[in-house]
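Undergrad: Handing you a structure now.
Residue numbers (the numbering used here), protein chains in the order written: chain F, 1 to 980; chain R, 1001 to 1551.
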């Protein structure tokens, strides 16, 4: 009751505020408020008087006002992404309040489909949209974090930790390519986006829609094979300005570290392996003093993260704005790992005349990635750095050579001493003109332009307090790069309905241009460290370089959407892309797709069904491409190989690549069959899809005979296939007056394999390409336990061994271990992946728990090897269950140098995992508090990200590709959203 | 109305498709250099020649390794110098096992073989491109200029085939520029005689067209071409021709042996022989009259960096020697810079020098170190003096017994000593290095004379070197093929491509069994030729390429 009263009060307030503005208008003013099922105001809802061009969008309070020519009897259509459309006929009075029903995947939702929007029920392709809950209220640093595990067929692989959190790979329906990028095309406000995902402030994003199958993605032709992500930023609203603050702050902690051999244990390991003679004098001194270094401790810390966003939205019927300012600041769990983003956005739309609309969506961002984190990976890395070394000198500064006898080793903390500036400035602006062509009903023309300008400036200086700086009297590297993208698109739209026939025709002629210039300078030998970056003029040695690339894309596209009586749907799409980087013999690619849909529930014979509310069948088939080639790849190029005469450079060049006029795009032929359903009065709704993708003309680097002087060449030769099954379900499990429980679940199976490699049906063992197996399968010898004391160790397939040596499986049983005993021992392909979000709402309290899992996957654990310690045990390793005569295990071989007899042995582990990604507890203030505080909205929340992971994996993280990178962080965050 | 509609539609359609032209997709390549652009005039050919010289220089650089362009652990010429009678791999790491242990370690999948093979053919293709494009009539150059440039390119091409034939025997012979539209998968191994014939033509052309000497230290000179021609004739068994060509080199006054002290160190203690290996003395312009081919490196100059790692390979890990609880010998320029001791002399190589032979003196070999660092004086008594160790004491290396692995306490050659004046710890080396000198031509002449039965002539050639080194002259009766090989080791230790000489004289297996205890038990006749890299065989999809026997 309180809510209702409050709503009413608010509504009156709104009306009061808005009256003066339109007091002069002669038309009828309709007002009202749009809310969701829980009476929360919905902003950005499209409110249109049916059969007219008159419409508006609700403001942050859910309120709208709209002038109508007719005084009564208007039919008003409310539509909003993620909600079912609603049509209401004006009965009496001018106030129409509406409650929309949430239906993020439901059949009536409006979905952004590229070059326009469509109602979900009219779509023939496979399109998924992100649950808004994952976009708002979660402390995402970038939009990919919102996607992870949340959508069927979309996987986000976190490749490493770090403050920026941008080390992710997004895959739509699995990996299809090897050499070519596997990343989906990102379209931001209608324009291709080539920048870092970090540059987009996730709190500016209103919706994310992902085009998965050929039918949906075909409009992007040669770049659509990996799927398309459509990002739409928030729009202005008509009504009084709403000013909002969204902010959060929290701590980051390391999620997991592998058990690295430390201190005394490492010493014993070393002595046991190579004898006391391998221990150098300084190592012995540290061992005696017990003053061991724990490099992982030294290289990590507790992190901190905060973000603050201020935004304002508002406008009138003919002019709307959204503006935001945002600041993100992360101090990561690795020492000196920092990231800051400042961004602002202004989105404007103005109806200049009844037939002409102008709009702009403009984003400015500044990224500060200054500061280099401590080294984790490699021989200098904290994971394997010798603990018998000295991290700090007597003054407390990191040592130049932590191991005095072995000057090969730099201090893992050395990067933290480097002077570092890494700034990126970016302008991404899309501007459009929309013309309703007079006299032709339903015809409109849109001129879409995009400009993306990015400047990046990286300066790094290693002074004499580091190994490289000390050896060279300071080393400097500078990079200044400018990337420019221009897009120009002419789009014609023609939408008409004749009786039961509805046509939608879209035609495009587009031109894109991209050019990249990069100036780099590497210099060394400085008189002092005082001037750091600002002394290249006195460097003893400086190498400046300039690189330049230009690429042009010309595209034509036509799309026809036809539906008959909302029952039978047809989509025909064709795109022709010409790209400058393609070989001379193949400048243009053509990508046609056909798709049909059948809204079964709209058939008369189905109308009596009480269980099924909606049922639609979708079928699509066609081909899309992966552009995949960088400029100049088709040319025979020379490389610089300079010589020297005395102290004069003698510039030189030799041929290093072969020409390839046949180089072109990869083509994926994709078939999709899908069902959209909604049952039990929309309590359960979702989609089911099955797809089959065949990719040919796969770009591969083929090894050719080195006799040609150039040992490899890139060609369109390989073939892969993917097929898979996807299920996305939303359900309202329980709904009472005060309590609701809803679930959002997804389930994905993808099966990838090589269909052919070089066209001759043969594998490429060297490159690990195996026909019939997934891309990225692991190949090698199979570990088969340990030679025990009682085993015959003289006549084994591995020759003479000692007890404690690794047994390798003699696969072909010929009594000798050689290259023919290698096999594929792990594919890295999961049986299935899933995501499960549950939302519990009791009155104003909301609890959201999101769990993500990968099941049935194995991977070799790269940390399970002693070979990385090197000759002389120069590095440490992780703790293992080593074989000894008194510990006759089969887990791991003995601690001796040649326990595998020179053959690489991998240890395969189950890398399945279940990760609780988000636990979000929020409270919405309402009623008297809001009234008295003059706020329209206030919410506080607590969020735990990655708090729990369940896995049998013993490495750093089952999700990471590399096991020796900056570890994954857990986050505990408190946040606040307020609107005035 | 209808007409207006049509007009608008027509206008928009025109707008949309107006710019649709293939020309707009033509690549603009202001930043890309192609062969067509480079080989338009004489300057372009000179630039391509510089590229070839850089390729040659890589012979003593780290090999390409994984994804990094070069490795500082393994030198490109490893296979020519390691696992022979006078050199073994002291500090092993991967590749060293191949030459220390042969057997299964020496197999077609050794990545190093692929790197060497690829590098040589890359250089050959670069030379082929230059040579093939010189027929363009539009180039404005004199016949002399053209032939000098072609002479250098052809000499370098022959030099590449010299390595290929010596390492692998029959190898595919290609003399034309490679093209992406004609990728071959049916290469055949050309009989070695045919490859040698092509080499002979190249070297004959070079020896006719290269100048005796050049004011530039990077230009190839006639003596180098003549030397390799003489060596080629030895390999072909045409000893009279070998003698003629070698005699041309040694009788040319431009290529006089260094017999007196010269250069930047001449006022300090030293030997004429040793002067050639001191940085600042290697080049002809610096007084090294004996030099026929010198590779150039220069720190802090673009083009001067080639990741040369001779010092790393040959200087031992003296800095890890422990005496009296200390590492008394610290890394310094005086001690030769930071070596990692991958390659060390066998006992036999060390035992070849008579006491008066300057080539075996402490100016050329590291037999001892001086205690120079007060912070690292060993505790206890110096067992040579019986008194406590003190600053300035000499610490002698253990120069007895046979070669063994991981031994820092073992002499090493000083020919490649180097420490950067910027910092002693820098890995790469920036010294100029003699690749070929007249002394080797004397040894080729000696071998030719020996084969022709002229033992006295062989003794004369050898004594020219021995007298320069103050070693006792030899008589004709002392000359055997083993003596010539020993003399080569005395003169050219770590400089010559030892394996090629041993293979040519059919002595590889015998002498390794005799003189290299590390490899003695495992080397077999099979190891005379290396296995063709597996990648080369695998890439030959339409025709099976023959592997060398035994692999």
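All residues carry an ideal CB built from backbone N, CA and C; glycine is no exception. Please read these numbers as outputs of a predicted model, since none were measured by experiment.
Determine the direct distance from the alpha carbon of residue 1222 of chain R to that of residue 1634 of chain R, and round the result to whole angstroms.
TA: Residue coverage of chain R in this structure runs from 1001 to 1551, which leaves residue 1634 of chain R outside it and unanswerable.
Undergrad: Can you find a C-beta in chain F that's less than 8 Å from the C-beta of residue 1031 of chain R?
TA: Within the second chain, residue 1031 of chain R is the residue found at index 31, counting from 1. By this cut-off, residue 1031 of chain R is an interface position.
Undergrad: Could one say the Cβ of residue 14 of chain F lies closer than 8 Å to chain R's Cβ atoms, at least one of them?
TA: The residue given as residue 14 of chain F occupies position 14 in the first chain. Residue placement at residue 14 of chain F is poorly supported in this model, since its pLDDT is 39, which falls under 50; the coordinates are not used for a value here.
Undergrad: Who are the neighbours of residue 631 of chain F on chain R, taking C-beta pairs under 8 Å?
TA: Position 631 of the first chain holds residue 631 of chain F. Ordered by position in chain R, the residues that pass the 8 Å Cβ test against residue 631 of chain F are 1027.
Undergrad: Round the Cβ separation of residue 583 of chain F and residue 222 of chain F to the nearest angstrom and send it over; I've been treating them as touching at under 8 Å.
TA: Position 583 of the first chain, counting from 1, holds the residue named residue 583 of chain F. Position 222 of the first chain, counting from 1, holds the residue named residue 222 of chain F. Their Cβ separation, rounded to whole angstroms, is 14 Å, which puts residue 583 of chain F and residue 222 of chain F out of contact at 8 Å.
Undergrad: I'd like to know if residue 1162 of chain R contacts chain F, where contact means its C-beta is closer than 8 Å to some C-beta of that chain.
TA: Taking the second chain and counting its residues from 1, one reaches residue 1162 of chain R at position 162. At least 8 Å separates the CB of residue 1162 of chain R from every CB of chain F.
Undergrad: In chain F, which residues lie less than 8 Å from residue 1205 of chain R when you measure between Cβ atoms?
TA: Position 205 of the second chain, counted from the start, is the residue given in the question as residue 1205 of chain R. Ordered by position in chain F, no residue passes the 8 Å Cβ test against residue 1205 of chain R, which lies about 21 Å from the chain.
Undergrad: Do you know offhand how far residue 289 of chain F's Cα is from residue 389 of chain F's?
TA: Here residue 289 of chain F refers to the residue found at position 289 of the first chain. Here residue 389 of chain F refers to the residue found at position 389 of the first chain. Those two C-alpha atoms are separated by around 12 Å.
Undergrad: Which of helix, strand or coil does DSSP assign to residue 538 of chain F?
TA: In the first chain, the residue the question calls residue 538 of chain F occupies position 538. DSSP places residue 538 of chain F in helix when its eight states are reduced to three.
Undergrad: Could you compute how far the alpha carbon of residue 1339 of chain R sits from the alpha carbon of residue 1405 of chain R?
TA: By one-based count along the second chain, residue 1339 of chain R stands at place 339. By one-based count along the second chain, residue 1405 of chain R stands at place 405. So the two alpha carbons sit approximately 15 Å from each other.
Undergrad: Can you pull the chain F neighbours of residue 1179 of chain R, defined as C-beta to C-beta under 8 Å?
TA: The residue given as residue 1179 of chain R occupies position 179 in the second chain. In chain order: 636, 658, 659.
Undergrad: When you compare only the Cα positions, how much space is there between residue 1087 of chain R and residue 795 of chain F?
TA: Residue mapping note: residue 1087 of chain R aligns to position 87 of the second chain, counting from 1. Residue mapping note: residue 795 of chain F aligns to position 795 of the first chain, counting from 1. If you take the alpha carbons of residue 1087 of chain R and residue 795 of chain F, they lie about 34 Å apart.
Undergrad: Pick from F:837, F:316, F:747, F:658: whose alpha carbon is nearest that of residue 994 of chain F?
TA: Only positions 1 to 980 of chain F appear in this structure, which leaves residue 994 of chain F out of reach.
Undergrad: Taking 8 Å as the CB-CB cut-off, is residue 1174 of chain R touching chain F?
TA: Counting from 1 along the second chain, the entry for residue 1174 of chain R is found at position 174. Yes, contact with chain F.
Undergrad: With 8 Å as the threshold, decide whether the Cβ of residue 105 of chain F is near any Cβ in chain R.
TA: Within the first chain, the letter at position 105 stands for residue 105 of chain F. Legend: pLDDT at residue 105 of chain F = 49, less than 50; position of this residue unreliable, no value from coordinates given.
Undergrad: Is the CB-CB distance between residue 585 of chain F and residue 697 of chain F below 8 Å?
TA: Taking the first residue of the first chain as 1, we reach residue 585 of chain F at position 585. Taking the first residue of the first chain as 1, we reach residue 697 of chain F at position 697. Going by C-beta atoms, residue 585 of chain F is not nearer than 8 Å to residue 697 of chain F.
Undergrad: State the Cα-Cα distance for the pair residue 528 of chain F and residue 1548 of chain R, rounded to the nearest angstrom.
TA: Stepping through the first chain from its first residue, residue 528 of chain F is reached at position 528. Stepping through the second chain from its first residue, residue 1548 of chain R is reached at position 548. Distance between the alpha carbons of residue 528 of chain F and residue 1548 of chain R: 57 Å.
Undergrad: Mind listing, in chain order, the continuous alpha helix (DSSP H) runs of no fewer than 4 residues lying wholly within the stretch 1029–1092 of chain R?
TA: If we require 4 residues or more, the alpha helix (DSSP H) runs fully inside the stretch 1029–1092 of chain R come out as 1035–1038, 1042–1057, 1078–1081.
Undergrad: What's the gap between the Cα of residue 943 of chain F and the Cα of residue 972 of chain F?
TA: Reading the first chain from its first residue, position 943 is the one you call residue 943 of chain F. Reading the first chain from its first residue, position 972 is the one you call residue 972 of chain F. If I take the Cα positions, the gap works out to 6 Å.
Undergrad: Starting from the N-terminal side, write out each stretch of the alpha helix (DSSP H) that is 4 residues or longer and does not extend beyond the stretch 682–708 of chain F.
TA: Runs of the alpha helix (DSSP H) inside the stretch 682–708 of chain F: none found.
Undergrad: Please report the distance separating the alpha-carbon of residue 710 of chain F from that of residue 1291 of chain R.
TA: In the first chain, counting from the first residue as 1, residue 710 of chain F sits at position 710. In the second chain, counting from the first residue as 1, residue 1291 of chain R sits at position 291. Going by the C-alpha atoms only, they are around 33 Å apart.
Undergrad: At a CB-CB cut-off below 8 Å, which residues of chain F make contact with residue 1338 of chain R?
TA: Position 338 of the second chain, counted from the first residue, corresponds to residue 1338 of chain R. Per Cβ cutoff of 8 Å: 407.
Undergrad: For residue 117 of chain F, write down the residues that DSSP places opposite it in a beta bridge.
TA: As a working note, residue 117 of chain F is residue 117 in the first chain. F:112, per the DSSP bridge assignment.
Undergrad: Residue 66 of chain F: which of F:273, F:31, F:792, F:379 sits nearest, CA to CA?
TA: On the first chain, position 66 is the one that residue 66 of chain F refers to. In terms of Cα proximity to residue 66 of chain F, the closest of F:273, F:31, F:792, F:379 is F:31.
Undergrad: How long is the line joining the alpha carbons of residue 91 of chain F and residue 593 of chain F, rounded to whole angstroms?
TA: Here residue 91 of chain F corresponds to residue number 91 of the first chain, with the count starting at 1. Here residue 593 of chain F corresponds to residue number 593 of the first chain, with the count starting at 1. Computed Cα separation, rounded: 45 Å.
Undergrad: What residues are listed by DSSP as bridge partners for residue 667 of chain F?
TA: Numbered from its first residue, the first chain carries residue 667 of chain F at position 667. According to DSSP, residue 667 of chain F bridges with F:625, F:696.
Undergrad: Of all Cβ atoms in chain F, is any one closer than 8 Å to the Cβ of residue 1187 of chain R?
TA: As a first step, residue 1187 of chain R is located in the second chain; it is residue number 187 there, counting from the start. At a cut-off of 8 Å between C-beta atoms, residue 1187 of chain R counts as an interface residue with respect to chain F.
Undergrad: Quick check: the stretch 1427–1445 of chain R against the stretch 1213–1233 of chain R, are there 3 or more CB pairs under 8 Å?
TA: yes
Undergrad: Just verifying my parser: in three-state terms, what is the DSSP assignment at residue 1545 of chain R?
TA: Locating residue 1545 of chain R in the second chain gives position 545, where the first residue counts as 1. Residue 1545 of chain R: coil per DSSP, three-state reduction.
Undergrad: Given a cut-off of 8 Å on the beta-carbon distance, is the pair residue 786 of chain F and residue 758 of chain F in contact?
TA: For the purposes of this step, residue 786 of chain F is identified with residue 786 of the first chain, where counting begins at 1. For the purposes of this step, residue 758 of chain F is identified with residue 758 of the first chain, where counting begins at 1. Annotated as distal: residue 786 of chain F and residue 758 of chain F, with beta-carbon spacing of 8 Å or more.
Undergrad: Would you tell me roughly how many angstroms separate the C-alpha atoms of residue 328 of chain F and residue 1297 of chain R, rounded to the nearest one?
TA: Here residue 328 of chain F corresponds to residue number 328 of the first chain, with the count starting at 1. Here residue 1297 of chain R corresponds to residue number 297 of the second chain, with the count starting at 1. Cα to Cα, residue 328 of chain F sits roughly 49 Å from residue 1297 of chain R.
Undergrad: Leaving out five residues on either side along the sequence, give the residues of the same chain with a beta carbon under 7 Å from the beta carbon of residue 1068 of chain R.
TA: For this step, residue 1068 of chain R is matched to residue 68 along the second chain. Because residue 1068 of chain R sits at a pLDDT of 48, beneath the cut-off of 50, its placement in the model cannot be relied upon, and the following sentence gives the value as read from the coordinates. If the five residues before and after residue 1068 of chain R are omitted, its C-beta is found closer than 7 Å to no C-beta atom of its own chain.
Undergrad: According to a CB-to-CB cut-off of less than 8 Å, which residues of the stretch 705–719 of chain F neighbour chain R?
TA: Those would be 705, 706, 707, 708, 709, 710, 711, 713, in chain order.
Undergrad: Going by alpha carbons, who is nearest to residue 938 of chain F out of F:773, F:472, F:979, F:314?
TA: As a working mapping, residue 938 of chain F is identified with position 938 in the first chain. Selected option, being the one with the closest Cα: F:979.
Undergrad: Count the other CB atoms within 10 Å of the CB of residue 1306 of chain R; is the residue buried (16 or more) or exposed (fewer)?
TA: As a first step, residue 1306 of chain R must be located in the second chain, where it is residue number 306. The residue is buried, with at least 16 neighbouring Cβ atoms inside 10 Å.
Undergrad: Taking only beta-carbon atoms, is residue 1047 of chain R less than 8 Å away from chain F?
TA: For the purposes of this step, residue 1047 of chain R is identified with residue 47 of the second chain, where counting begins at 1. At least one chain F Cβ lies under 8 Å of residue 1047 of chain R.
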